[in-house]
Amino acid sequence: MPGAWNAWSWDADPDTVRRDVSVAHDRFTGSGRLSHRVRDVVGESWRRSALHGVDPDATLPSVELTGHALRDHRDAHPLSVAMPLLRRLLADGVTGPQILAVGDASGRLLWVEGDHRLRSRAEDVHFVEGANWLERSAGTNAPGVALALDHEVQVFASEHFARGVQRWSCSAAPLHDPDTGALIGVLDLTGEDRIASPQALALVRAAAAAAEMELRAQRISGRIPTPGRPLDDAPADAPGRAVLRVLGRDHARLTLDEQTVELSRRHSEILLLLTRHPRGLNGEALGARLHEADASPVTIRAEMSRLRRLLGTGLLASRPYRLLHPVDTDVDEVRRHLADGAYRRALETCAGPVLPGSEAPGVVDLREELRAEVCEALAAHAAPDVRLAWAEHPEWRDDPRVLSAALDTPESPRHAALRGRLRRLGA
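Listed below in structure tokens is the structure:
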């Protein structure tokens, strides 16, 4: 089965998924009843779309910005500085037809670029600059759902609520202000079936993280200001650079103000989850991501109090629980190397799985996301010597996908051992 946010799993048949969901869509629009064949995230979006009055047979998104109004809004938007990076990652030199779209937090598409043939077809459904693709305007679609839930997501073919959009598939991720955590926009890839593959969502997720880091880098360099205060006017109690290391460790190591502390497993999980949710999490949401019998709001409050006593009051806030200042992680470092094409450095940084002893759902999700991103990037783009080194990495040496990628290189004396390992694994 696919994950909650993926349209289909690695071994799924997209045609079968399309047929099953199409039947479920007809049933829902005819009777209001949801089938178990529909992912929960899609079914709930269908319900919201129906409540908003979206007509599955007639609705087209409204075009709200054109001409000078569109250009002025786009030029003033903070994401404009990240567009050159996003073009390099998702538009320049791509091997298949796809559309790159970036919208604001209100759902309006500000940049729509990429394959000219696809863009011409997309105009028929108003997938154009200035159009609003929130759920209430367009029904279920990846940018709209990503903004509604503040989470990356895929919407595949007949999962779209409006039938006129069902020949398309899309993968989208929300974009946040790296200093305030505020939702400022959405990044989307739109195209045909392959845009709903697991690797496509991993690519969009990595590109979104790279865009947020680019925005932060631009502010640090002084090219653009930080919202709410001058660049050199940090709060008096602001800690120095904070780095959380979680790869290959059951207990995270936090370096803060040049001091290092090893955290308990629960505190490791909490701090890592808060780095993934800059806008914060309430007690119920944090407890759900920890998902243990004792992870009630009362228990979460107690753990957060202990964590504040350990780290001081300048880093953590409550209502909701959130980080007051950015905490970099070695997961972020791996993703930066992947975005920069520094695949050997990404492999060297990836010392092991994310908190390998943790079974918290939020941590497991991040662990699997990073593994998929590394696997996709190295298999597709790494040089032969890096792929051979990858096959000897302790975390990856028994992964058939990695061994196959390493064998897809010029013949080497090491290939015999790799082929033997693949036979032993029965692959």
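Residues in the sequence shown are numbered from 0 upward in steps of one, following numbering that gives the first Met the number 0.
Quick reminder that beta carbons are idealized off the backbone N, C-alpha and C, glycines included.
So, residue 113 versus residue 142, is the Cβ gap smaller than 8 Å?
In this structure, residue 142 does not lie closer than 8 Å to residue 113 by Cβ.
List the endpoints of the continuous beta strand (DSSP E) containing residue 169.
Its beta strand (DSSP E) spans residues 168-175.
Out of curiosity, what's the CA-to-CA distance linking residue 299 and residue 340?
Spanning the two alpha carbons is a distance of roughly 39 Å.
Determine the DSSP secondary structure at residue 244, reduced to helix, strand or coil.
Strand.
Excluding the 5 residues preceding and the 5 following residue 254 in the sequence, name in chain order all residues of the same chain whose CB lies nearer than 6 Å to its CB.
Correct list, in chain order: 242.
In whole angstroms, give me the CA-to-CA distance for residue 372 and residue 386.
Each residue's alpha carbon lies about 15 Å from the other.
Any idea what DSSP makes of residue 110, helix, strand or coil?
If DSSP states are grouped into helix, strand and coil, residue 110 belongs with the strands.
Where does residue 406 fall in DSSP's three states?
The answer is helix: DSSP assigns residue 406 an H, G or I state.
Is residue 292 helix, strand or coil by DSSP?
Here the model assigns residue 292 a pLDDT of 48, short of 50, so the residue's position is not dependable and the matter cannot be decided.
What are the boundary residues of the alpha helix (DSSP H) that includes residue 15?
Start and end: 13-30.
Which same chain residues, not among the five before or five after residue 26, have their C-beta less than 7 Å away from its C-beta?
Counting only Cβ-Cβ distances below 7 Å, and skipping sequence neighbours, we find 32 and 34.
Where does residue 258 land, buried or exposed, given buried means 16+ other C-beta within 10 angstroms?
Burial call: exposed.
Contact between the stretch 274-282 and the stretch 174-188 is defined here as three or more beta-carbon pairs at a separation below 8 Å; is this criterion met?
With a cut-off of 8 Å, the stretch 174-188 and the stretch 274-282 count as touching, because enough Cβ pairs lie within range.
Could you name the residues of the same chain whose beta carbon sits closer than 6 Å to that of residue 334, not counting the 5 residues immediately before and after it, in chain order?
Closer than 6 Å at the Cβ level, and outside the excluded window around residue 334, lie 205 and 208.
If residue 76 and residue 108 are in contact, beta carbons under 8 Å, what's the gap, nearest whole angstrom?
Going by Cβ atoms, the distance from residue 76 to residue 108 rounds to 12 Å, so no, they are not a contact pair.
Enumerated in chain order, which unbroken segments of the beta strand (DSSP E) with a length of 3 residues or greater are wholly contained in the stretch 174-218?
Within the stretch 174-218, the complete beta strand (DSSP E) runs of at least 3 residues are 182-190.
Would you identify the three-state DSSP class for residue 279, choosing helix, strand or coil?
Of the three classes helix, strand and coil, the one that applies to residue 279 here is coil, per DSSP.
Under 8 Å, do residue 55 and residue 162 count as touching if we go by C-beta distance?
Going by C-beta atoms, residue 55 is nearer than 8 Å to residue 162.
Exposed or buried, which one is residue 123 when buried takes at least 16 other CB atoms within 10 Å?
Burial call: exposed.
Do you know whose CA, among 156, 203 and 322, lies nearest residue 41's CA?
Among 156, 203 and 322, the Cα nearest to that of residue 41 is on 156.
Taking just the CA atoms, how far does residue 45 sit from residue 19?
Distance between the alpha carbons of residue 19 and residue 45: 16 Å.
Comparing alpha-carbon positions, which option in 376, 403 and 389 lies nearest residue 89?
Here the closest residue by C-alpha is 376.
Work out the CA separation of residue 151 and residue 337 for me, nearest whole Å.
Those two C-alpha atoms are separated by around 19 Å.
On the CB-based measure, 16 or more other CB atoms within 10 Å of its CB, does residue 407 come out buried or exposed?
The residue in question, residue 407, is exposed, as its Cβ has fewer than 16 Cβ neighbours within 10 Å.
When we look at the beta-carbon of residue 67 and count the other beta-carbons within 10 Å, is it buried (16 or more) or exposed?
The residue in question, residue 67, is exposed, as its Cβ has fewer than 16 Cβ neighbours within 10 Å.
Could you check which residue in 324, 160, 378 and 5 has the C-alpha nearest to that of residue 429?
The structure shown has nothing for residue 429, since the chain only spans 0 to 426.
Residue 164 to residue 8, Cα distance in whole Å?
The straight-line gap from Cα to Cα measures roughly 22 Å.
Run the CB neighbour count on residue 232, radius 10 Å, all protein chains shown included, and call it buried at 16 or more, exposed below.
Unreliable positioning characterises residue 232 in this predicted model, as indicated by a pLDDT of 35, which lies under 50. A coordinate reading is not provided.
By the 10 Å Cβ neighbour count, where 16 or more other Cβ atoms means buried, how is residue 65 classified, buried or exposed?
Result: exposed.
From which residue to which residue does the beta strand (DSSP E) around residue 100 run?
From DSSP, the beta strand (DSSP E) with residue 100 extends over 98-103.
Given a threshold of 16 other Cβ atoms within 10 Å of its Cβ, counted over all protein chains shown, does residue 60 qualify as buried or as exposed?
Buried: at least 16 other Cβ atoms inside 10 Å.
Within its chain, find whatever has a CB closer than 6 Å to the CB of residue 51; leave out the 5 residues flanking it on each side and keep chain order.
Hits under 6 Å: 135.
Per DSSP, what kind of secondary structure is residue 327 in: helix, strand or coil?
DSSP places residue 327 in strand when its eight states are reduced to three.
Just to confirm the assignment, what range does the beta strand (DSSP E) spanning residue 152 have?
Residue 152 -> beta strand (DSSP E) spans 152-155.
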